[in-house]
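*Asks:*
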Amino acid sequence: MLMGSSVHSKRDMKHRFGRAGLALTDEQKIKISIARAVLSSPSILLLDEVTGGLDFEAEKAVQGALDVLMLGRSTIIIARRLSLIKHADYIAVMEEGHLVEMGTHDELLNLDGLYAELLRCEEATKLPKRMPTKNSRERKSLQFEDPPISQNFQESSSPKMAKSPSLQRTHGMLQFWRSDTTRNSHDSPKDRSPPPEQTTDNGIPLVATERAPSIKRHDSFEMELPNLPKVDIHPIQRQSSKNAGPDSPISPLLTSDPKNERSHSQTFSRPQSERDDTSSEQSEPDELQHHKPPSFWRLAALSIAEWPYALLGTIGAAIFGSFNPLLAYTIALTVSAYYQIEVSDMHHEVNRWCLFIVGMGVITVLVNWLQHFYFGIMGEKMTERIRRMMFSAMLRNEAGWFDKEENSADTLSMRLANDATFVRAAFSNRLSIFIQDTAAVSVALLIGMLLGWRVALVALATLPVLVISAIAQKLWLAGFSKGIQEMHRKASLVLEDAVRNIYTVVAFCAGDKIMELYKLHLGKILKQSLVHGLAIGFGFGFSQFLLFACNALLLWYIATSVDKQRLTIATGLKQYILFSFASFALVEPFGLAPYILKRRKSLTSVFEIIDREPKIDPDDNTGLKPPNVYGSIEFKNVDFSYPVRPEIFVLSNFNLKVSGGQTVAVVGVSGSGKSTIISLIERFYDPMSGQVLLDGRDLKSFNLRWLRSHMGLIQQEPVIFSTTIRENIIYARHNATEAEMKEAARIANAHHFISSLPHGYDTHVGMRGVDLTPGQKQRIAIARVVLKNAPILLLDEASSAIESESSRVVQEALDTLVMGNKTTVLIAHRAAMMKHVDNIVVLNGGRIVEQGTHDSLMDLNGLYVRLMQPHFGKGLRQHRLG
1 MLMGSSVHSK
11 RDMKHRFGRA
21 GLALTDEQKI
31 KISIARAVLS
41 SPSILLLDEV
51 TGGLDFEAEK
61 AVQGALDVLM
71 LGRSTIIIAR
81 RLSLIKHADY
91 IAVMEEGHLV
101 EMGTHDELLN
111 LDGLYAELLR
121 CEEATKLPKR
131 MPTKNSRERK
141 SLQFEDPPIS
151 QNFQESSSPK
161 MAKSPSLQRT
171 HGMLQFWRSD
181 TTRNSHDSPK
191 DRSPPPEQTT
201 DNGIPLVATE
211 RAPSIKRHDS
221 FEMELPNLPK
231 VDIHPIQRQS
241 SKNAGPDSPI
251 SPLLTSDPKN
261 ERSHSQTFSR
271 PQSERDDTSS
281 EQSEPDELQH
291 HKPPSFWRLA
301 ALSIAEWPYA
311 LLGTIGAAIF
321 GSFNPLLAYT
331 IALTVSAYYQ
341 IEVSDMHHEV
351 NRWCLFIVGM
361 GVITVLVNWL
371 QHFYFGIMGE
381 KMTERIRRMM
391 FSAMLRNEAG
401 WFDKEENSAD
411 TLSMRLANDA
421 TFVRAAFSNR
431 LSIFIQDTAA
441 VSVALLIGML
451 LGWRVALVAL
461 ATLPVLVISA
471 IAQKLWLAGF
481 SKGIQEMHRK
491 ASLVLEDAVR
501 NIYTVVAFCA
511 GDKIMELYKL
521 HLGKILKQSL
531 VHGLAIGFGF
541 GFSQFLLFAC
551 NALLLWYIAT
561 SVDKQRLTIA
571 TGLKQYILFS
581 FASFALVEPF
591 GLAPYILKRR
601 KSLTSVFEII
611 DREPKIDPDD
621 NTGLKPPNVY
631 GSIEFKNVDF
641 SYPVRPEIFV
651 LSNFNLKVSG
661 GQTVAVVGVS
671 GSGKSTIISL
681 IERFYDPMSG
691 QVLLDGRDLK
701 SFNLRWLRSH
711 MGLIQQEPVI
721 FSTTIRENII
731 YARHNATEAE
741 MKEAARIANA
751 HHFISSLPHG
761 YDTHVGMRGV
771 DLTPGQKQRI
781 AIARVVLKNA
791 PILLLDEASS
801 AIESESSRVV
811 QEALDTLVMG
821 NKTTVLIAHR
831 AAMMKHVDNI
841 VVLNGGRIVE
851 QGTHDSLMDL
861 NGLYVRLMQP
871 HFGKGLRQHR
881 LG
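This is the structure in structure tokens:
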């Protein structure tokens with residue numbers, strides 16, 4: 001059963017599924033984890049909400065595997081879906097770190113306490129009777145404080161029950177299963193940290209005050225948001241269900257809704273397998289393979305605005321470079337002074353040239369500062385400009401470009417940090433050295449020609465040999481070090497995987513296995529390092545041989561010329577010292593060539609990003625901008641597959657029509673293409689064939705920024721930026737007033753908890769909103785969409801990943817949001833959200849298999865009923881399913 005959904009052949013068992021299993025669905029990853037647990041044959045089994053993020057169909061398959069795994073084992077299960085653990089030997093109810101109830105399912109039902117209340121809410125048959133009280137415990141995290149209310153503490157004998165001094169709204173369930181054989185257990189599980197409490201704007205617990213969330217139906221409705229600019233739309237007559245009135249209640253659900261579909265970036269946006277680790281280099285993207293490296297003049301054009309800095313830096317580099325041969329010539333004059341017959345003349349000459357060298361040193365300090373200071377400014381400004389150009393170009397690209405593995409967030413961040421810096425190193429820094437060394441060689445040749453042209457020509461003939469030897473040595477070493485770097489990368493991946501999954505490694509006692517694997521990689525590095533050391537020795541030795549050979553040739557020719565009286569000993573000595581210094585200056589810039597060649601890909605990738613023409617360009621100012629939006633959406637014969645996996649069609653001959661002002665729900669099993677519909681409406685992608693129409697016009701005919709400004713998107717995982725709450729809300733409209741922002745927060749049920757924070761709307765939420773609860777993050781995301789006030793709403797599992805109590809206040813905000821004259825497309829598995837929508841579309845395999853209202857689909861007793869079955873009340877299931 002485990003192999004059925006993941007592998008189909010022996011070859012697939014060895015298939016690579018990418019980093020962190022990105023090519024697998026949630027169901028497949030869980031099944032592989034179960035197989036790993038089966039292989040270890042444990043006596044004690046710990047299951048931490050294993051099926052909490054799966055849809056009903058996937059949950060049944062996984063639960064079947066778990067049922068087999070639990071046989072004969074002591075098992076502890078952590079779960080929110082109570083229907084899965086009714087047959088446990090013991091059920092422990094946790095609340096804010098305290099054990100408040102414990103017993104069997106029947107005992108806890110007879111007690112009619114917290115467990116019974118949660119079970120009733122899960123069955124969606126009636127509202128909770130019991131009102132949990134508030135805790136006076138101070139929140140150290142970003143939570144508001146509740147007034148302290150205490151209760152008397154009592155204990156009951158059977159079932160075992162421990163009431164905490166104050167009962168909280170967030171609950172956890174521990175289920176204990178006895179194994180068939182008696183085992184001694186000495187492990188004491190640590191208390192799980194409870195999610196933070198959620199309250200209403202009045203500070204009263206939601207369970208005590210909220211009624212069942214509902215989607216209200218009105219012929220006309222406008223949100224009370226003072227002074228909020230609205231997009232004009234035609235009057236729309238809402239379609240209402242005959243059985244639903246304006247205040248029709250929708251049953252609350254206290255189960256953790258499944259994440260019924262992975263985002264496209266995980267399910268369809270990754271290659272089926274990770275690039276083979278045996279390859280020494282990752283293959284380049286197609287655009288990069290055909291993109292030519294930039295010319296020198298293009299790099300120069302990027303820094304044209306800094307030409308004053310470049311001019312001053314060039315002056316400093318030229319003077320500093322010319323001092324190199326002048327120093328050599330001065331040293332030669334100093335040595336020649338020792339051949340003076342008179343001692344006084346010798347002292348005079350030596351002192352004079354030594355003072356000259358000191359003066360040159362003082363000037364060198366000044367010109368060296370001039371060179372590096374102004375070229376440094378030029379380089380930093382160039383780096384900043386290139387990073388801005390790269391980042392701007394990245395944001396222009398379509399979503400499909402980011403789906404490629406080489407364009408992942410980590411890779412692009414690294415390219416922004418490293419590649420832009422390399423452009424500076426390849427141009428600004430190297431230009432400085434090139435000017436410096438060119439000046440040095442030019443002055444050396446000039447002085448050498450004046451002293452004796454014959455020796456100068458011989459020295460000039462040896463310089464190419466020195467240049468070739470230096471380049472060959474660096475290329476030789478670069479080739480060997482390349483393999484070592486790749487091996488280090490593979491070893492670091494082992495370490496990275498072990499650290500990221502440290503709990504799994506420790507739980508399966510796999511530390512020794514990880515160490516063996518890491519040692520294996522280090523052993524390969526050791527062998528390659530020995531070869532690398534031999535290569536370094538050979539390359540360096542050969543280059544030194546050529547250097548000494550050229551020096552020997554120059555000395556031989558000078559000695560021969562002195563012997564034939566073509567020049568004096570003093571002149572020959574001056575020329576030898578002069579060209580010895582010049583040879584190092586000439587070799588240096590050519591020695592940088594291997595570095596530039598090695599980083600050629602980085603240099604090319606910068607301009608590949610900058611020059612790329614996106615397939616869906618948000619900066620294109622062309623396109624229609626109608627004054628009004630009716631909101632009618634239609635899919636006509638749409639075929640679609642994600643760019644990274646073109647062979648797998650997510651939608652096939654897909655047809656769907658959403659009338660203006662309608663609320664349409666899309667349901668289906670994992671991977672059926674639900675999120676793809678929203679991606680196509682937002683025009684993150686274009687269909688392979690067919691059309692997506694808005695008000696009868698192809699989406700491609702509209703101006704892209706105008707199109708997206710008329711759509712409000714709320715995703716399953718709320719997008720929260722690492723900034724203040726204020727900035728996160730006004731991200732939708734930066735010119736919003738303070739009153740408009742706060743009104744949007746009130747409509748989203750977020751104003752109270754924001755106001756209770758120490759810094760209010762100016763509270764920094766941390767990276768990805770880590771300081772907020774999932775419910776708080778989702779309400780901020782809803783407030784952002786409210787502030788945008790778009791006529792088209794797209795909700796992608798907006799409340800499925802939130803704990804049940806928080807989901808109720810989030811659901812209330814969503815209900816308020818969709819009550820206006822807006823076209824709404826929502827993806828959800830909650831039965832409460834399905835009963836009052838205008839149309840429900842059931843997907844399977846990229847096709848519509850069922851369509852209709854909630855009641856009509858229930859009578860059909862098809863896939864929709866199977867998907868919604870765990871969310872219906874017991875009586876409703878018996879009525880519909882017989």
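1 is the number of the first residue of the sequence shown in the UniProt record's numbering; add one for each residue after it.
Glycine residues also receive a C-beta, built at the ideal position from the N, C-alpha and C atoms.
Would residue 631 pass as a contact of residue 671 if the rule is Cβ separation under 7 angstroms?
*Replies:* Counting from 1 along the sequence shown, the entry for residue 631 is found at position 631. Counting from 1 along the sequence shown, the entry for residue 671 is found at position 671. Cβ atoms of residue 631 and residue 671: not closer than 7 angstroms.
*Asks:* Is DSSP giving residue 765 helix, strand or coil here?
*Replies:* As a first step, residue 765 is located in the sequence shown; it is residue number 765 there, counting from the start. Coil, per DSSP.
*Asks:* Since residue 518 is in the alpha helix (DSSP H), which residue starts that stretch and which ends it?
*Replies:* Within the sequence shown, numbered from 1, the residue matching residue 518 stands at position 518. Looking at the DSSP string, the run of the alpha helix (DSSP H) that includes residue 518 is 511-563.
*Asks:* Take residue 864 and list the residues in its own chain whose beta-carbon comes closer than 6 angstroms to its own, dropping the five residues that flank it on each side.
*Replies:* Locating residue 864 in the sequence shown gives position 864, counting from the first residue. Result list for residue 864: 842, 850 and 857, in chain order.
*Asks:* Going by alpha carbons, who is nearest to residue 416 out of 605, 514, 642 and 731?
*Replies:* Against the sequence shown, residue 416 aligns to sequence position 416. Taking only the C-alpha atoms, the option nearest residue 416 is 605.
*Asks:* What span of residues does the alpha helix (DSSP H) with residue 885 cover, start to end?
*Replies:* There is simply no residue 885 to check, as the chain begins at 1 and stops at 882 in what is shown.
*Asks:* Please go through the same chain and pick out, in chain order, the residues whose beta-carbon is closer than 8 angstroms to the beta-carbon of residue 862, but skip the five residues on each side of it.
*Replies:* If you number the sequence shown from 1, residue 862 lands on position 862. Result list for residue 862: 842, 849 and 850, in chain order.
*Asks:* Please name the residue or residues paired with residue 885 in a DSSP beta bridge.
*Replies:* For the chain, the structure presents residues 1 to 882; residue 885 sits outside this window and is missing.
*Asks:* With distance defined between alpha-carbon atoms, name the residue in 466, 334, 364 and 322 nearest to residue 353.
*Replies:* Here residue 353 refers to the residue found at position 353 when the sequence shown is read from its first residue. Of 466, 334, 364 and 322, the residue nearest in Cα terms is 334.
*Asks:* Should residue 401 be labelled buried (16 or more other beta-carbon atoms within 10 Å of its own) or exposed?
*Replies:* On the sequence shown, residue 401 is found 401 positions in, with the first residue counted as 1. Its Cβ being crowded by 16 or more others within 10 Å, residue 401 is buried.
*Asks:* Between residue 380 and the ligand MG, is there a pair consisting of the residue's CB and a ligand heavy atom that are separated by less than 6 angstroms?
*Replies:* The ligand content of the structure shown is nil, which means the ligand MG is not present either.
*Asks:* Cβ atoms of residue 779 and residue 748: under 7 angstroms apart, would you say?
*Replies:* Looking up residue 748 in the sequence shown gives position 748. Looking up residue 779 in the sequence shown gives position 779. Taking 7 angstroms as the Cβ cut-off, residue 748 and residue 779 qualify as a contacting pair.
*Asks:* Would you call the CB atoms of residue 690 and residue 615 closer than 7 angstroms?
*Replies:* Walking along the sequence shown from the start, residue 690 turns up at place 690. Walking along the sequence shown from the start, residue 615 turns up at place 615. Not a contact, by the Cβ cut-off of 7 angstroms.
*Asks:* Could you pull the start and end residues of the beta strand (DSSP E) that residue 665 belongs to?
*Replies:* By 1-based counting over the sequence shown, the position of residue 665 is 665. It spans 663-668 - the beta strand (DSSP E) in which residue 665 sits, taken as one unbroken run.
*Asks:* Scan the stretch 610-696 and note each continuous beta strand (DSSP E) run of 3 residues or more that stays entirely inside, going in chain order.
*Replies:* If we require 3 residues or more, the beta strand (DSSP E) runs fully inside the stretch 610-696 come out as 633-640, 651-658, 663-668 and 689-694.
*Asks:* With DSSP as the reference, identify every bridge partner of residue 48, one or two as the case may be.
*Replies:* The count along the sequence shown starts at 1 and reaches residue 48 at position 48. Answer is 78, bridged to residue 48.
*Asks:* Mapping the DSSP letters down to three states, classify residue 89 as helix, strand or coil.
*Replies:* For this step, residue 89 is matched to residue 89 along the sequence shown. Of the three classes helix, strand and coil, the one that applies to residue 89 here is coil, per DSSP.
*Asks:* Among 510, 309, 787 and 420, which one has its Cα closest to the Cα of residue 739?
*Replies:* Within the sequence shown, the letter at position 739 stands for residue 739. Checked all of 510, 309, 787 and 420; the closest Cα to residue 739 is 787.
*Asks:* Between residue 692 and residue 680, is the Cβ-Cβ spacing less than 7 angstroms?
*Replies:* Taking the first residue of the sequence shown as 1, we reach residue 692 at position 692. Taking the first residue of the sequence shown as 1, we reach residue 680 at position 680. Yes, the pair counts as a contact, with Cβ atoms nearer than the cut-off.
*Asks:* Can you say whether residue 622 is buried or exposed, counting buried as having 16 or more other CB atoms within 10 angstroms of its CB?
*Replies:* Indexing the sequence shown from 1 puts residue 622 at position 622. By the 10 Å Cβ count, residue 622 comes out exposed.
*Asks:* Are the beta-carbon atoms of residue 368 and residue 320 separated by less than 7 angstroms?
*Replies:* As a first step, residue 368 must be located in the sequence shown, where it is residue number 368. As a first step, residue 320 must be located in the sequence shown, where it is residue number 320. Contact: yes.
*Asks:* In this structure, how does DSSP classify residue 345 when only helix, strand and coil are distinguished?
*Replies:* Looking up residue 345 in the sequence shown gives position 345. Reduced to three states, the DSSP call for residue 345 is helix.
*Asks:* Provide the residue(s) that pair with residue 841 in DSSP beta bridges, ordered along the chain.
*Replies:* Here residue 841 refers to the residue found at position 841 when the sequence shown is read from its first residue. Residue 841 is bridged to 666 and 851.
*Asks:* Check the DSSP bridge columns for residue 792 and list the partner residues they point to.
*Replies:* As a working note, residue 792 is residue 792 in the sequence shown. Paired residue(s): 711 and 823.
*Asks:* Tell me whether residue 784 is buried or exposed, calling it buried when 16 or more other Cβ atoms sit within 10 Å of its Cβ.
*Replies:* Residue mapping note: residue 784 aligns to position 784 of the sequence shown, counting from 1. That one is buried.
*Asks:* Is it a yes or a no for the stretch 412-431 touching the stretch 537-556, going by three-plus beta-carbon pairs under 8 angstroms?
*Replies:* As far as the Cβ criterion goes, the stretch 412-431 does not touch the stretch 537-556, which means the pair count is below three.
*Asks:* By Cβ distance below 7 angstroms, which residues in the same chain neighbour residue 38 in space, the five residues on each side in sequence not counted?
*Replies:* The count along the sequence shown starts at 1 and reaches residue 38 at position 38. Excluding residues within five positions, the ones whose Cβ falls inside 7 angstroms are 69.
*Asks:* From the DSSP output, in three-state form, read off residue 375 for me.
*Replies:* Along the sequence shown, one-based indexing puts residue 375 at 375. Looking at residue 375 - three-state DSSP - the assignment turns out to be helix.
*Asks:* Count the other CB atoms, across all protein chains shown, that sit within 10 Å of the CB of residue 822; report buried if there are 16 or more and exposed otherwise.
*Replies:* Here residue 822 is taken as the residue at index 822 of the sequence shown, counted from 1. The residue is buried, with at least 16 neighbouring Cβ atoms inside 10 Å.
*Asks:* Using the rule of at least 16 other Cβ atoms within 10 Å of the residue's Cβ for burial, across every protein chain shown, is residue 663 buried or exposed?
*Replies:* Taking the sequence shown and counting its residues from 1, one reaches residue 663 at position 663. Answer is buried; the Cβ neighbour count reaches 16.
*Asks:* Could you round the C-beta distance between residue 302 and residue 382 to whole angstroms and report it? I think they count as a contact, below 8 angstroms.
*Replies:* Taking the first residue of the sequence shown as 1, we reach residue 302 at position 302. Taking the first residue of the sequence shown as 1, we reach residue 382 at position 382. Going by Cβ atoms, the distance from residue 302 to residue 382 rounds to 6 angstroms, so yes, they are a contact pair.
*Asks:* Let me know the alpha helix (DSSP H) ranges lying completely inside the stretch 718-771, each 4 residues or longer, listed in chain order.
*Replies:* The qualifying runs are 725-729, 738-747 and 751-755.
*Asks:* Can residue 448 and residue 575 be called in contact, C-beta distance under 7 angstroms?
*Replies:* On the sequence shown, position 448 is the one that residue 448 refers to. On the sequence shown, position 575 is the one that residue 575 refers to. Contact: yes.
*Asks:* Helix, strand or coil: how does DSSP classify residue 698 here?
*Replies:* Here residue 698 corresponds to residue number 698 of the sequence shown, with the count starting at 1. Here residue 698 sits in strand by DSSP.
*Asks:* Inspect the CB distances between the stretch 371-380 and the stretch 311-331 and report whether three or more fall short of 8 angstroms.
*Replies:* Enough Cβ pairs lie closer than 8 angstroms, so yes.
*Asks:* Per DSSP, which one or two residues make a beta bridge with residue 103?
*Replies:* Working through the sequence shown from its first residue, we reach residue 103 at position 103. Bridge partners of residue 103: 91.
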